[in-house]
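Undergrad: One structure coming up, written as structure tokens, with questions to follow.
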Amino acid sequence: MKTILKTVLIAFVAGLAGAFTFYKYKIEPALENNIQATHQLTSDRSIVNDNNDDLGETLSLADNFNTNISLPPVDFSEAATKAIPSVVYINSISKGVATSWDWFFGGTSSQTQVSSGSGVIFTTDGYIVTNNHVVASAERIEIIYNKRNYAAELVGTDPSTDLAVLKIEENNLPAIKLGNAKNVQVGEWVIAVGNPFSLSSTVTAGIVSAKGRRIGILEDKFPIESFIQTDAAINPGNSGGALVNKSGELVGINTAILSRTGSYTGYAFAVPVDIAKKVVDDLIKFGIVQKALMGGNVIEYDYATAKKYDLKTDLKQFNGVVLEKMEREGPAANAGLKPGDIITKVNGADINSKSAFEETLAYMYPGDKISVTYLRGNKSETANITLVNKNGGTETIKRKIYSSSTLGANLEAGDYGVKIFKLKPGGMLDQIGLSENFTIYSINRQRVENPEEVIEFFEKFKGDGYLYGINSNKQQLQLRFRLR
1 MKTILKTVLI
11 AFVAGLAGAF
21 TFYKYKIEPA
31 LENNIQATHQ
41 LTSDRSIVND
51 NNDDLGETLS
61 LADNFNTNIS
71 LPPVDFSEAA
81 TKAIPSVVYI
91 NSISKGVATS
101 WDWFFGGTSS
111 QTQVSSGSGV
121 IFTTDGYIVT
131 NNHVVASAER
141 IEIIYNKRNY
151 AAELVGTDPS
161 TDLAVLKIEE
171 NNLPAIKLGN
181 AKNVQVGEWV
191 IAVGNPFSLS
201 STVTAGIVSA
211 KGRRIGILED
221 KFPIESFIQT
231 DAAINPGNSG
241 GALVNKSGEL
251 VGINTAILSR
261 TGSYTGYAFA
271 VPVDIAKKVV
281 DDLIKFGIVQ
291 KALMGGNVIE
301 YDYATAKKYD
311 LKTDLKQFNG
321 VVLEKMEREG
331 PAANAGLKPG
341 DIITKVNGAD
351 INSKSAFEET
361 LAYMYPGDKI
371 SVTYLRGNKS
381 ETANITLVNK
391 NGGTETIKRK
401 IYSSSTLGAN
411 LEAGDYGVKI
421 FKLKPGGMLD
431 QIGLSENFTI
441 YSINRQRVEN
451 PEEVIEFFEK
461 FKGDGYLYGI
471 NSNKQQLQLR
481 FRLR
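According to the UniProt record's numbering, the stretch in the sequence shown is residues 1 to 484, in order.
Written as structure tokens, this is what we have:
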């Protein structure tokens, strides 16, 4: 019995000694090596990232050791601090629309309508940019900034980009710092600053979802749509506000949302700051935006267009835009271009969408020369084109305002008639019932196109007359009047 116990004890001690020896010389060194490797990966991660050497392999090893990759927190406080002081609150005030009850009781509505929006301070001396649709129906515009109310002058509008410029009498304002929309990247963080639902100085964040979006919302003869799309929440009242990058630099003017409910559903759009800058500069300098045209209209180049114009359809990519309609004696026709030509470059820059083509021309002026590369058949050709204004000339166009003391108003020619503004109370046009920003289409069923016609008519005419036009709320109105 003693012999058996002695044998078991010797075997147990020997086993314990063997296990200790195996742990000491095999397992413990391996564990120490693993711990050192993990610490080395953690401490040297910034070096690996900076050198960009074997990054994928290193991260894979780090995952094997269950190390976590921590990203820096996203913080927009600095950008918001810079942008908020440059965004103002806008009240657009107009007369109420007459109702059936008003007509029934023999009167007109005395109520006023007030809609709100946002604006961005562009210069220290009081020039403010907003959306055209924010002020299009306004008979009076009010700016609320720093708990003060300012009467704003409408410097000019550009329906083709949905932008407008206002002016208030104030100096040393915090003009926003301008960025560069061309440098904005899809996926980049941006913040929207504005006054949604009359909530002043509201900041929302998101990313740039896409660039060069064309959504078909601008009702103009020469619309320019190349929007920045973002998922930063933008709601009614945000229109005209600022879209800024993480540095607080302006990259766009918030303009539109796609929604069936009228509120934000994930798709918001902003006019690129580069386009906005030219519009603001033109409106301040000329009172009207200078449009540079090539005498032709382009459409998207895709399978359907290729089939329509008998172009190649077996392509992996449809690069360029197709020239569709052309003016007979326009610059493009004179340079030898024809319908069906595929424009691939302008001034050496690739053109792959209608919005990109329109944006490129948006920075140009009448008289500028551009180089257009196009495909006709299998041959690539280049044409030099001199751009023109809407009248076919190469000179810049200045806003012409006519003032009439007899009519008690200012007048200017528009695309579809003669617009009247700055109506004086008690003046002739005020007495016959016209309102601020009314556009006259015809008088006594005769079409009018320039202010001189309107002024001459009212200075000479006596008797009963008939006037047709559209008011600031885009209501078509027929008005009978009597002049003695």
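The beta-carbon is built from N, C-alpha and C at its ideal position, and this holds for glycine as well.
The structure presented is a predicted model; accordingly, all values stated were derived computationally and were not measured.
Please name the residue, chosen from I401, K424 and E358, that lies closest to A413 on a Cα-to-Cα basis.
TA: I401
Undergrad: What residues match up with E452 in a beta bridge as DSSP calls it?
TA: Note: E452 sits in no beta bridge, so no partner.
Undergrad: Between the C-alpha atoms of D350 and R328, what's the straight-line distance to the nearest angstrom?
TA: About 26 Å.
Undergrad: Could you check which residue in N391, A362 and E453 has the C-alpha nearest to that of D274?
TA: A362
Undergrad: Could you spell out where the beta strand (DSSP E) holding V74 opens and where it closes?
TA: Looking at the DSSP string, V74 is not in any beta strand (DSSP E), and its letter there is neither H nor E.
Undergrad: Which value, in whole angstroms, describes the spacing of the CA atoms of K338 and K325?
TA: 9 Å
Undergrad: Check whether the Cβ atoms of G240 and N131 lie closer than 8 Å to each other.
TA: Cβ distance < 8 Å, so G240 and N131 count as in contact.
Undergrad: If you run the structure through DSSP and keep just helix, strand and coil, what is S100?
TA: Any reading at S100 is ruled out, since the residue's pLDDT is 41, under 50, leaving its predicted position unreliable.
Undergrad: Enumerate, from N- to C-terminal direction, the unbroken beta strand (DSSP E) stretches of 3 or more residues contained entirely within the UniProt domain "PDZ" (320-378).
TA: Under the rule that a run must span 3 or more residues, the beta strand (DSSP E) segments found entirely inside the UniProt domain "PDZ" (320-378) read 321-326, 342-346 and 369-376.
Undergrad: For R213, which beta-bridge partners are listed by DSSP?
TA: Partner(s): F227.
Undergrad: Look at T394 and G427 and say whether their C-beta atoms are less than 8 Å apart.
TA: no
Undergrad: Once the 5 residues before and after G212 are set aside, which same chain residues still bring their CB inside 8 Å of it?
TA: S226, F227, S353, S355, A356 and E359
Undergrad: Can you tell me the Cα-Cα spacing of K345 and K369, whole angstroms?
TA: 14 Å
Undergrad: DSSP on A256, reduced to helix/strand/coil?
TA: strand
Undergrad: What's the call for N235, buried or exposed, on a 16-neighbour Cβ count within 10 Å?
TA: buried
Undergrad: Starting from Y416, trace the beta strand (DSSP E) in both directions and tell me its first and last residue.
TA: Segment: none, Y416 is in no beta strand (DSSP E) and carries neither H nor E.
Undergrad: Between V289 and D158, is the Cβ-Cβ spacing less than 8 Å?
TA: yes
Undergrad: Please go through the same chain and pick out, in chain order, the residues whose beta-carbon is closer than 6 Å to the beta-carbon of I443, but skip the five residues on each side of it.
TA: Cβ neighbours of I443 within its own chain (closer than 6 Å, five residues either side excluded): F457 and L467.
Undergrad: Report the three-state DSSP secondary structure of I141 (helix, strand or coil).
TA: strand
Undergrad: Counting only runs of 3+ residues fully inside the stretch 140-188, write out the beta strand (DSSP E) ranges in chain order.
TA: 140-145, 148-158 and 163-167
Undergrad: Determine the direct distance from the alpha carbon of N254 to that of K474, and round the result to whole angstroms.
TA: 23 Å
Undergrad: Which first and last residues belong to the beta strand (DSSP E) in which F269 is found?
TA: A268 to P272
Undergrad: With a threshold of 6 Å on Cβ separation, who are the neighbours of L483 within its own chain once the five nearest residues in sequence on each side are excluded?
TA: F461 and K462
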